[in-house]
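A.B. asks: Residue numbers (our numbering): 1269 to 1374.
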Ligand code: HEC
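(1) Step through the CB atoms of chain B and report whether any lies within less than 8 Å of the CB of residue 1301.
(2) Less than 7 Å separating the Cβ of residue 1316 from some heavy atom of the ligand HEC?
(3) Reducing DSSP to helix, strand and coil, say where residue 1301 ends up.
(4) Is it true that the CB of residue 1301 sits closer than 8 Å to the CB of residue 1312?
(5) If you check the beta carbons only, do residue 1306 and residue 1356 fall under 8 Å apart?
(6) Pick helix, strand or coil for residue 1320, following the three-state DSSP scheme.
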């Protein structure tokens, strides 16, 4: 019984550490342009007409592979969206794809 409890606790702790980590990466490296909520209501967002990631239509149009590609390689349409493959690990990029999915408006 105690063993099972300990296991559940470990799982909870490690998954919240993971969530904190990706949220930190977002804040440090993405938020300045894309905003806290992915709506891109920032100076850069307005200037460059960055898409609102919370929109269901945006979420539906972008596959996980599209999002991963944009983060890793940057955008071919706008050089302000830089390639992050040298700055982030593949695991961090995957976590960001998951994080972007959570930005979809409920
Ligand atoms: C200096 C500003 C800036 C920063 C910082 C930035 N982006 Fe972007 N991002 C952009 C712009 C501008 C676009 C629009 C590109 C376009 O229209 O193709 C964009 C587009 C995107 C897209 C969508 C690409 C598409 O196909 O429509 C994704 C996904 C994305 N960014 C993720 C991220 C993530 C994750 C980070 C942090 C690791 C990040 N961005 C940091 C400026 C930025």
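Every residue, glycine too, gets a C-beta built ideally from N, C-alpha and C.
C.D. replies: Short version:
(1) No chain B appears in the structure shown, which is made up of a single protein chain.
(2) Yes - the ligand HEC has a heavy atom lying nearer than 7 Å to the Cβ of residue 1316.
(3) It is helical.
(4) Yes, they are a contact pair.
(5) Their beta carbons are not under 8 Å apart, which means residue 1306 does not touch residue 1356 by this criterion.
(6) Note: residue 1320 maps to coil in three-state DSSP.
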